[in-house]
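A.B. asks:
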Amino acid sequence: MKRRDFAALTGLGTGALLLPHFPGFGSSLPVDPTRLLEPGLDVAQKKRLADAALTAAKSAGASYADVRIGRYLNQSIFTREKQVQNIASGESFGAGIRVIASGTWGFAATNDVSETSLARTAQRAVAMAKANARIQKEPVQLAPQRGYGEVSWKTPIEINAFTVPVKEKADLLLAANAKALENGASFVNSSLFQINEQKYFASTDGSYIDQDIHRIWPTFTATVVD
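According to this note's numbering, the sequence shown is numbered sequentially starting from 711.
(1) Do you know offhand how far residue 903's Cα is from residue 800's?
(2) Could you check if residue 802 is buried or exposed, using at least 16 other CB atoms within 10 Å of its CB as the buried criterion?
(3) Give every residue of the same chain whose Cβ lies closer than 8 Å to the Cβ of residue 758, excluding the five residues on either side of it in the sequence, and list them in chain order.
(4) So which of 743, 767 and 879 has the shortest CA-CA distance to residue 927?
(5) Between the Cα of residue 852 and those of 809, 835 and 837, spot the shortest distance and give me the residue it belongs to.
(6) Locate the beta strand (DSSP E) running through residue 784, then write down its first and last residues.
(7) If you compare alpha carbons, which of 901, 930, 921 and 914 is closest to residue 798?
(8) Any idea which residues DSSP pairs residue 807 with across the strands?
(9) Between residue 862 and residue 848, what straight-line distance do the alpha-carbon atoms span, to the nearest angstrom?
(10) Use the C-beta contact count for residue 828: other C-beta atoms within 10 angstroms, 16 or more gives buried, fewer gives exposed.
(11) Relative to the C-alpha of residue 859, which residue among 914, 871 and 745 is closest?
(12) Tell me the DSSP secondary structure of residue 932 in three-state form.
(13) Going by DSSP, name the residue or residues bridged to residue 898.
(14) My understanding is that residue 850 touches residue 813, with C-beta atoms under 8 Å, so please give their C-beta distance in whole angstroms.
(15) What ranges does the beta strand (DSSP E) occupy inside the segment 858-882, keeping only unbroken runs of at least 3 residues that lie completely in it?
(16) Determine the extent of the alpha helix (DSSP H) in which residue 830 is found, giving its start and end residues.
(17) If residue 884 and residue 789 are in contact, beta carbons under 8 Å, what's the gap, nearest whole angstrom?
(18) Check for me: the alpha helix (DSSP H) holding residue 758 runs from which residue to which?
(19) Tell me whether residue 739 sits in a helix, a strand or coil according to DSSP, three-state version.
(20) Using C-beta distances below 6 Å, list every residue in its chain close to residue 770, excluding the 5 sequence neighbours before and after it, in chain order.
(21) If residue 910 and residue 760 are in contact, beta carbons under 8 Å, what's the gap, nearest whole angstrom?
(22) Would you mind sorting residue 896 into buried or exposed? The rule is 16 or more other CB atoms within 10 Å of its CB.
(23) Using 10 angstroms around the beta-carbon of residue 778, count the other beta-carbons present and answer buried if the total reaches 16, otherwise exposed.
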């Protein structure tokens with residue numbers, strides 16, 4: 711099985727696993743908006759945690775391993791006409807580890823992001839790979855890939871959306887609703903979604919990639935009844 715085949719088969723499951731939920735995976739744990747401004751792990755801490763997982767995976771027999779440590783912050787605001795319908799803030803945190811052992815992929819995840827836990831999770835991933843090897847028809851072959859070393863990237867933003875007061879954002883949506891109603895809309899809905907993805911990737915290829923990604927998007931729906 712090639713790398714792209716595995717990604718196609720597991721993309722949906724892995725994506726769902728890393729959706730917001732703190733301290734575990736799954737649905738996001740509600741938090742106070744001020745929590746969204748608290749700093750997460752620094753790069754040195756993430757590298758130390760990742761190395762614990764990679765070392766444990768190799769010691770258990772993995773020929774390749776990678777680890778993803780993710781912290782996801784989100785906030786959503788929903789309005790309709792002149793009312794705020796819902797405001798929600800959430801956070802998630804966890805790690806997922808992929809390995810190749812005995813020519814087969816294995817995967818395990820945890821919401822306990824400590825060196826001991828990540829090492830244990832890496833061992834579980836290797837055990838899964840070895841168990842899967844009994845039904846693997848041909849060994850996994852990865853294309854040659856050089857490591858990128860220690861690199862980082864951050865969305866170039868001027869203002870962190872989480873620093874803007876919730877009331878100010880809700881008032882902006884309500885003002886947009888008012889304009890739509892003034893211009894003949896019978897019904898109007900608006901919402902604002904904000905996400906900060908703090909993702910760290912490390913692999914036995916020698917890559918240590920830290921990403922701080924910010925996303926924000928509003929939505930508007932206006933309905934006119936004839």
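Idealized CB from N, CA, C, for every residue including glycine. Quantities reported herein were computed from a predicted structural model and do not represent experimental measurements.
C.D. replies: From the atom records:
(1) 12 Å
(2) buried
(3) 825
(4) 879
(5) 809
(6) 774-790
(7) 901
(8) 777 and 818
(9) 36 Å
(10) buried
(11) 914
(12) strand
(13) 932
(14) 6 Å
(15) 859-864
(16) 825-842
(17) 6 Å
(18) 753-769
(19) strand
(20) 833 and 836
(21) 7 Å
(22) exposed
(23) buried
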